[in-house]
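Comments concern the structure below.
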Amino acid sequence: MSKVNDGAVPVAEAWRGGILESTHTGHAVICDETGQIAHSWGNPSAIIFPRSSCKMLQALPLVESGAADAAGLTPRQLALSCASHEGAALHTDAVSHWLADLGLSEGDLRCGSHEPYDRAERNRLIEAHETPCQLHNNCSGKHAGFLTLNRHLKAGSEYVEVDHPVQKAAREAFEATTDEASPGYGIDGCSAPNFATSVLGLARAMASFAAAREDGGVRQNAMHRLTHAMAAYPEMVAGEGRACTELMRAMGGRVAIKTGAEAVFVAIVPEKKMGIALKITDGGTRGAEAAIAGLLVKLGVLDAEHPATRKRLNAVQKNWRGFETGITKLAPGFA
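In structure tokens, the structure reads:
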């Protein structure tokens, strides 16, 4: 098993005063529609946890089982099923209504609660002397999807257990699309199993989504629907100010992208029938956002000068007085 640091290469750099201050190393793979490597940096075989970057894989059984249609889910809700959202009112309201339509409530979730990332909602809770609930969890949309599938399967309430029918279905979809047997799993922050794979396997899965046709059969149809839902509703996938939302908007709904904890990022590029996966070994978001922006620019689907791009790639650093102090850019030889 290839460890995450094996063969990592410089990906992004932070410069200050004309001196290299920090280097982010990692791995990245771009796959074509046949699952072959079109471009790679570092070690494609490095084993990683995809974390939340693979939520569209976890949502596949929701769609292909017929559970989504049976529940009347909209594309906006399908986007939310793939989300790591901010816990803003539009997210919590959407999950709350979704659960109510299922005859369920916040207490049926198994994701746990944390303070919302959205500042307005956090301040509202503080001012109202309320505590965060599971609706605020950034994974509550994914868990609403799990509960929808669980109701369809008529399975038990503990849907996050690794041997539960919901998670067995998620693992089957994960291994089929990555075309790899997962070497193991860890428990994610939201309590669901997160199956490990190689960077190549994750890129291969993204390429399969990118090449999927609406009329290509049950699984391809599900991939197509999830991809286009994410691209059409970027505000549901993350939130205001977040890289996923801002970069998808910058690409005008042509590409679906998704980040994961510990600096994983993926992209689904239908017009090129290509998929991207990358991992920054130090777990730093700065390096991952610069890298995904650079690779999307390389593929010609993201404008290098768009403000959302410049916020992350060739991003000028300023101090608290507004003085320019440095820059974050790609390492030589990457992208």
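In my numbering, the protein residues as written are 33 to 367. For every residue, glycine included, the Cβ atom is placed at its ideal position computed from N, Cα and C. Keep in mind the model is a prediction, meaning the values are calculated, not measured.
If you look at residue 59, you'll find it in the beta strand (DSSP E) that goes 51-63.
Taking C-beta separations shorter than 7 Å and ignoring five residues to either side along the sequence, the partners of residue 74 in its chain run 39, 40, 41, 58, 59 and 60, following chain order. Bounds of any alpha helix (DSSP H) do not take in residue 167, whose DSSP letter is neither H nor E. Taking each of 223, 222, 231 and 221 in turn and checking the Cα distance to residue 214, the smallest one comes out for 231. Counting the other Cβ atoms within 10 Å of the Cβ of residue 364 gives fewer than 16, which makes it exposed. Around the beta carbon of residue 355, fewer than 16 other beta carbons sit within 10 angstroms, so the residue counts as exposed. The C-beta distance from residue 312 to residue 295 rounds to 4 Å, short enough to meet the 8 Å contact threshold. Within its own chain, the residues whose Cβ lies closer than 7 Å to the Cβ of residue 164, once the five positions on either side in sequence are excluded, are 145, 146, 147, 148 and 157, listed in chain order.
In terms of CA proximity to residue 219, 194 leads the group 194, 200, 238 and 239.
For residue 130, the uninterrupted alpha helix (DSSP H) segment begins and ends at 121-133.
Counting only runs of 4+ residues, the alpha helix (DSSP H) found wholly inside the region 251-323 occupies 266-269 and 275-282, in chain order. In the three-state scheme derived from DSSP, where H, G and I count as helix and E and B as strand, residue 83 is classed as helix. Bounds of the alpha helix (DSSP H) holding residue 240 are 231-243.
Short of 7 Å from the beta carbon of residue 177, and not among the five residues preceding or following it, lie these beta carbons of its own chain, in chain order: 91, 94 and 113. In the displayed model, residue 96 falls within a helix according to three-state DSSP. Per DSSP, the unbroken beta strand (DSSP E) holding residue 360 starts and ends at 356-362. Collapsing the DSSP output to three states places residue 45 in a strand.
Excluding its 5 nearest sequence neighbours in each direction, residue 119 has C-beta neighbours in its own chain below 6 Å: 148, 149, 150, 153 and 168, listed in chain order. In this structure, the CA atom of residue 293 is about 30 Å from the CA atom of residue 49. The alpha-carbon separation between residue 337 and residue 357 amounts to approximately 20 Å.
In this structure, the CA atom of residue 297 is about 25 Å from the CA atom of residue 246. Contact between the region 256-269 and the region 204-212 is absent, with fewer than three C-beta pairs closer than 8 Å. Sequence-distant Cβ neighbours of residue 64 in its own chain, meaning closer than 7 Å and more than five residues away, are 70, 239, 305 and 306. Looking at the DSSP output, residue 346 shares a beta bridge with no other residue. In this structure, 136 is the residue among 241, 136, 222 and 221 with its C-alpha nearest to the C-alpha of residue 189. Less than 9 Å separates the beta-carbon of residue 117 from that of residue 170.
A direct Cα-to-Cα measurement between residue 279 and residue 341 gives close to 7 Å.
Taking 9 Å as the cut-off, the Cβ atoms of residue 103 and residue 183 count as close. In the structure shown, residue 338 adopts coil according to DSSP, grouped into three states. For residue 187, the secondary structure class from DSSP, reduced to helix, strand or coil, is coil.
Each residue's CA atom was taken as its position, placing residue 89 and residue 335 some 28 Å apart.
When rounded, the separation of the alpha-carbon atoms in residue 121 and residue 185 is 30 Å.
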